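Sequential numbering from 18 applies to the sequence shown in the numbering used here. What follows is one structure encoded as structure tokens, with my remarks underneath.
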Amino acid sequence: MVTAHRQEPVRFRPRFGRRDSLRGHPIVGGVCAYVLVAEDDERQAEVLRRYLEADGHQATVVHDGRSALDQVRRRQPELVVLDVMMPRLDGLDVCRILRTESDVLVLMLTARSAEDDLLLGLELGADDYLTKPYSPRELMARVRTLLRRAQRSPGPTAVRRVGRLGVDPGRHEVTAGGERIDCTPGEFAILAAMAELPDRVFTRGQLLEHTSGLDRESTERTIDVHVMNLRRKIEADPRRPVQLLTVYGIGYKLTAGTS
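Here it is, written out as structure tokens:
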């Protein structure tokens, strides 16, 4: 079980460059990446490191939040497996800072009872989560899915325009009224899928297939959080959305809205 530690505030550091694709590590028989594991339980961290290396990845382990930030800034991993409860700086603060500096993939590890931490982590920009206790094999399945999704590099594709929104799959960019919008990989995957079929109603399960493809029952709420975050970014009034709409009892749809 994880022991809770209290965090202390840190100052923001300068931004480092945005990562547009997996790079710097060979791909052999699938996606091979550099993964940072930030977990204060040394035994559990070592188990994860061994599983990652057995799957062909390079892995580094740290046991506190400050060390996690230092490693990301120095080595720019493709993925961070980030425990919420860590000393010196907790995982939520680490995620918050990372999202001001980088679009690195973040998979958060949370206690089963810490639902507030889970939702806050997704609001802060985590790409997926896993609740403790968990199977290392389940974690590896999620790691593979996140990395495959990030590796996809579509060829030249026309920008999809829906009202004031523009979604460019080739450049992995979103604009709203001509202004570029920063999106996490999960948020972008949702918008790209919906922009391809405007006015179509997508269930949460269908949207999950476009994001992580993980178990519907345990992750369906992540779609709601991603949609809430997207509304904050693309809607003039997130409380009264005109483009990213809820279809009660079914899911969501993207419309042109009002000009």
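All C-beta atoms in this analysis are idealised placements derived from N, C-alpha and C, irrespective of residue type, glycine included. Source: prediction; values computed, not measured.
Check	Outcome
L156 beta carbon less than 8 Å from that of L96	no
Distance between R166 and A212 (C-alpha atoms, nearest Å)	18 Å
Where the alpha helix (DSSP H) containing M211 begins and where it ends	P202 to E213
Under the three-state DSSP convention, the category I267 falls into	coil
Residues near R249 by beta carbon distance below 8 Å, same chain, minus five either side	P255
Per-residue burial, I267 [other beta carbons within 10 Å of its own, 16 or more giving buried]	exposed
T228 vs G203 beta-carbon contact at 8 Å	yes
Residue from A71, V264 and T263 whose Cα sits closest to the Cα of P303	The structure shown does not extend to residue 303, since the chain is modelled only from 18 to 276, so the question has no answer here.
Closest Cα partner of G138 within the set D110, T162 and A158	D110
Same chain, Cβ closer than 6 Å to V98, neighbours up to 5 away in sequence not counted	V54 and L124
First and last residue of the uninterrupted alpha helix (DSSP H) at L164	P153 to Q168
Sub-8 Å separation of F219 and K270 beta-carbons	yes
Inter-residue spacing [alpha-carbon to alpha-carbon] between Q88 and L262	39 Å
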